[in-house]
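2 protein chains.
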Amino acid sequence: MARTDPARAVTLTDVARLAGVSVATASKALNGRDQVKDSTRQRVVEAAERLSFSPNALARGLLAGRTGTVGLLTSDLEGRFVIPILMGAEDAFGAGQVSVFLCDARGDAIREQYHLRALLGRRVDGLIIVGRQTDPRPSLGPDIPVPVVYAYAPSDHPDDRSLTPDNTGAGRMAVEHLVACGRTRIAHITGEHAYAAARDRAAGVRDALTAAGLELVGDVMYSEWSERWGRDATAMLLEQHPEIDAILCGSDQIARGALDMAHALGRSVPDDVAVMGFDNWEVLTTNSRPELTSIDANLQQLGRTAAQWVFAALDGKDIGTGTQFVDGRLVIRGSTVARR
Amino acid sequence: MARTDPARAVTLTDVARLAGVSVATASKALNGRDQVKDSTRQRVVEAAERLSFSPNALARGLLAGRTGTVGLLTSDLEGRFVIPILMGAEDAFGAGQVSVFLCDARGDAIREQYHLRALLGRRVDGLIIVGRQTDPRPSLGPDIPVPVVYAYAPSDHPDDRSLTPDNTGAGRMAVEHLVACGRTRIAHITGEHAYAAARDRAAGVRDALTAAGLELVGDVMYSEWSERWGRDATAMLLEQHPEIDAILCGSDQIARGALDMAHALGRSVPDDVAVMGFDNWEVLTTNSRPELTSIDANLQQLGRTAAQWVFAALDGKDIGTGTQFVDGRLVIRGSTVARR
DNA sequence: CTGTTAGCGCTTTCAT
DNA sequence: ATGAAAGCGCTAACAG
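First to last, the protein sequences are chains A and B. Heads up: the first sequence at position 60 corresponds to 59 in numbering that gives the first Met the number 0, and the numbers run straight through without jumps. Heads up: the second sequence at position 46 corresponds to 45 in numbering that gives the first Met the number 0, and the numbers run straight through without jumps.
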C-alpha cells in the first residue's frame, strides 16, 4: 500500500554501521572508488542491498553542484510535440541517469515564470523550452544560470540556442516526392498564414516547384488548420482547377479533409490525385483510406539533440548560438503511391 | 545566452552578508517567521531581490525531509492520457509549489524499475503511476516508502490506491443519451476484447439497454481500435441490420470509421443513424462531419484527484485502498443530435 | 586501505 | 530580535 514511511529512510550511515565501516569507506565502496579492499566493498554492497539503500540524490546534488535533473518547460497543451521530445531527451540522458521535470505553462507567461523560478530553485542542470508553434518565442533572457535550449519554437534572440524543424526543407521534400511520383499540377492548401510553419512550408514548396520547372496551381490557400478547411478548399480547388493531380496539405488534418472531399467528388486517390500532409500524426495518417503520406518532423531526434546540447554545455563545451534546423523525414504511404 | 554559470549561485549567506545580518536571521526574514524586526526583514528582502536570490530547494529538502516533488511514471507512449493527468496534477499542486518528474517507461518493466529507483533516490514525496489501458497493472508492491496512486490503469493489488475511468458507467451514459434521442435499434462496435475498456463499456451498454427495455442489435462487435475496423464493421452492420438507427462505437477512432462508411453507404448522420464514440479526443471529434458526440473520461479531473490523494496521504490522512471510478462526461455534438 | 574532518545551503533550536 | 551552532546525507581531502 501507499503508506507514508513512518521510519526514517535508510542512509549511508545505516549501511556503514551494518557493514562495520565508516561512512566514508561505505561511500567509496558503493561509488566504485578504487581505494577499497574487495572484501570490504563486498560487505558494504551487501549491507546496502539488505537495507535496500537508495542514496539521497539531494544530498549528493547539494555537494556536487549538479543535480542530474533537467527542466522541460512547455506550452504545448496537447503534448503532441512535447512527448516525443521528452522521449528523445530521456534517450539521450539515459533512463534513470537524468530525470526530467515537465512543466506546462499553458501559454501563460506568468505561469511560465512561476515554473521557471521553481525549476531554478530546484537547481536543474539545464532547461529545454518547448513551444507549441515554430514561430520564435520570447527569450528567457541572458540571465538564466544554466544552459537553455529552445526546442520546436526557437527563441527570438540570436544569442540563444534553438532547435526547430526545417519546414522550408520539408516543403521542398514534399514537392520533390510528388514530382518524383510524376505529378506536375500541384496545389497547396495550408493553415493560418500567421504561423511560420505554414509560410515556411509554402516557401519550400515554391522553391522546389521552381527548381523542377513547375508552377503551383492557383495560389497557396491559407486558412485554418482543420479538416473542415481541407474539405472546403479541396472542393473549391477541384472546381476551379479540375486538372490538378496532387494536393499538398499543410498538415495531416487538412489532408484528411482533402482526402474526404476528393472521394466525395469522385476522385480516386492516388490515381486521379495524390494527397499528402505534414506532421505524420499517426492517428490521422495510418487510419485514413488510403493511408496518408506525410513528412515527419523527427521530434524525437530533435529532443535527443536538445538534450545532448544541454549536456555538452554543462560539460563546458561551446554549443554555439542561433537556430539549427532539423530535417524532416518523408513517410510514404498509399495516398501518393498506388499500392503494389 | 544559455551560459553555464561561472560564478557560484547566490546563497543565503550572500544575502545575509549584503543585508548585514546572520544567515539565521536572513532565513527567518525570508520565510515570514515572526521573530524579525520589520526593518530588518525589509533589508533582507531587498538584498535577496538585488541578488535575485533563489533558495536552494535541495538544501531545504534535505533538511525538511520533503522535497515538493512528485513522480509521474507512465507507459502511455502517446501522452494522450498522461498530459491531461499532468495538468490536473499541476492544478491540484499549484504551479511552482510542487514540481513533477515525468518518466516514460515505454511499457518496459526494466525501464520502469530504473525510473522508479531514480525517483525514489530523488526523494519524491509521492508517485502517480499512469498506465496506458484501464486493465489492472502489476502493483509496485507494498515497499514503496512514499504514497502511490495508480491512475488510469488500476493496480492489481487490492491494498493499493487506484483511480480509473468508470467505463461501465460511460457505456450506460452513452446508451441513455441515444435512447433519450429516440433511438431504439442500437448496435455496438468496439475495440479488442482483451481490453477491459472495451468489455466494461459493453457491459454498461447492455445494462442500460436492459433498463430501457431494449436489446442490442446483433452482438457486440469486438476487433481493433481503428478507423478501418469502424468502417468494415459498419458496412457489415448496415448490410445485416439495415434497420439500425444508432451505432455506438467503443472509441472515437472507430466512430470516425463508422461515420465515413455510413456516408459512403448513403446514410445520413444523425438523421438515419446516430453515431457516437468514447474518449472525446478532440482532433477526431471536432473535425468530423458532423462533429462527433463522445464521452469524455475527465482525465484532468482524474489527475487532480490523484494529486490530491498523494497530498492527503503525505499529510498523514488515510486515503483508503481499492479502486475508485471517475465518472465520464457526455459531450453532445452533431452526430447524435440534428443541428438546430 | 580506512577513518577523520570539513562542508555543500539551508532551517531550527537555543542562547543571548 | 538576533546570532551561534548543530545537522539533514553525502563526498572529497587528507591523515593515518
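C-beta atoms are modelled at their ideal positions from N, C-alpha and C, and glycine is treated no differently.
Could you check the C-alpha separation between I143(A) and L76(A) for me, to the nearest Å?
Each residue's Cα considered, the two are about 24 Å apart.
Could you give the distance in angstroms between the alpha-carbon of A169(A) and the alpha-carbon of V147(B)?
About 44 Å.
Quick one, are the C-beta atoms of M86(B) and G302(B) less than 8 Å apart?
Going by C-beta atoms, M86(B) is nearer than 8 Å to G302(B).
Roughly how many angstroms lie between the CA atoms of V340(B) and D124(A), to the nearest whole one?
Outside the shown range of chain B, which is 0 to 339, sits residue 340(B), and nothing can be said about it.
If the cut is a Cβ gap below 8 Å, which residues of chain A does V99(B) touch?
Per Cβ cutoff of 8 Å: F100, L101, C102.
Go ahead and pull the three-state DSSP assignment for L301(A).
Correct three-state label for L301(A): helix.
Does the region 59 to 76 of chain A come close enough to the region 112 to 123 of chain A to have 3 or more Cβ pairs within less than 8 Å?
A contact exists between the region 59 to 76 of chain A and the region 112 to 123 of chain A.
Which runs of the alpha helix (DSSP H) at least 4 residues long sit entirely within the region 140 to 186 of chain A? Give them in chain order.
Listed in chain order, they are 166 to 179.
Give me the residue from T233(A), A254(A), R328(A) with the minimum Cα distance to P241(A).
Measuring from the Cα of P241(A), the nearest candidate turns out to be T233(A).
For F310(B), which of helix, strand or coil comes out of DSSP?
If DSSP states are grouped into helix, strand and coil, F310(B) belongs with the helices.
At a CB-CB cut-off below 9 Å, which residues of chain B make contact with A305(A)?
None at all; the shortest Cβ gap to chain B is about 11 Å.
So, with DSSP's three-state summary, where would you put T189(B)?
T189(B): strand per DSSP, three-state reduction.
Once the 5 residues before and after A254(A) are set aside, which same chain residues still bring their CB inside 7 Å of it?
For A254(A), where only same-chain residues beyond five positions count, the Cβ hits under 7 Å are G229, C248, V274, M275, G276, L291.
Pick helix, strand or coil for R328(B), following the three-state DSSP scheme.
Note: R328(B) maps to strand in three-state DSSP.
Expressed to the nearest angstrom, what Euclidean distance is found between the alpha-carbon atoms of R110(B) and G93(A)?
Approximately 10 Å, taken between the alpha carbons.
Using a Cβ-Cβ distance under 8 Å, would G249(B) count as near chain A?
No, G249(B) does not count as interfacial toward chain A.
Measure the C-alpha to C-alpha separation of H156(B) and G327(B) and round it to an integer number of angstroms.
Approximately 24 Å between the Cα atoms of the pair.
Could you name the residues that DSSP lists as bridge partners for G70(B)?
F100(B), L126(B).
Between E77(A) and chain B, is any beta-carbon pair separated by less than 8 Å?
Interface residue, yes.
Smallest Cα separation from Q112(B): which of V81(B), S74(B), G78(B)?
Nearest of V81(B), S74(B), G78(B) to Q112(B), Cα basis: S74(B).
Can you confirm whether the region 167 to 181 of chain A touches the region 197 to 204 of chain A when touching is taken to mean that 3 or more C-beta pairs between the two stretches lie within less than 8 Å?
Yes: the two stretches touch, three or more of their Cβ pairs being nearer than 8 Å.
Does any C-beta atom of chain B lie closer than 8 Å to the C-beta of E45(A)?
No, E45(A) lies away from the interface with chain B (no Cβ there is under 8 Å from its Cβ).
Going along chain B, which residues have a C-beta under 7 Å from S53(A)?
Those within 7 Å of S53(A) in chain B are R116, L119, G120.
Below 7 Å CB to CB, which residues in the same chain sit around V14(B) once its five sequence neighbours on both sides are set aside?
Cβ neighbours of V14(B) beyond the five flanking positions: A25, V43, A46, A47, L50, F52.
Show which residues of chain A have a CB atom less than 8 Å away from the CB atom of E89(B).
Those within 8 Å of E89(B) in chain A are C102, D103.
T233(B) touches chain A at which residues, Cβ-Cβ below 7 Å?
Residues of chain A passing the Cβ test: none, with the nearest at roughly 13 Å.
What residues of chain B sit near M172(A), judged by a beta carbon separation below 8 Å?
Correct list: empty, because the minimum Cβ distance to chain B is about 24 Å.
If I follow the unbroken alpha helix (DSSP H) through S26(B), where does it start and stop?
First-last of the alpha helix (DSSP H) with S26(B): 22 to 29.
Could you compute how far the alpha carbon of A263(B) sits from the alpha carbon of D107(A)?
Computed Cα separation, rounded: 44 Å.
Would you identify the three-state DSSP class for T233(B), choosing helix, strand or coil?
Reduced to three states, the DSSP call for T233(B) is helix.
Do H192(B) and M220(B) have their beta-carbon atoms positioned less than 8 Å apart in this structure?
Result no, Cβ atoms of M220(B) and H192(B) do not sit closer than 8 Å.
Could you give the first and the last residue of the continuous alpha helix (DSSP H) run that contains A201(A)?
Counting along the chain, the alpha helix (DSSP H) containing A201(A) begins and ends at 195 to 210.
Assuming contact is defined by CB atoms lying nearer than 8 Å, are D270(A) and A179(A) in contact in what I supplied?
No, Cβ-Cβ distance for D270(A) and A179(A) is not below 8 Å.
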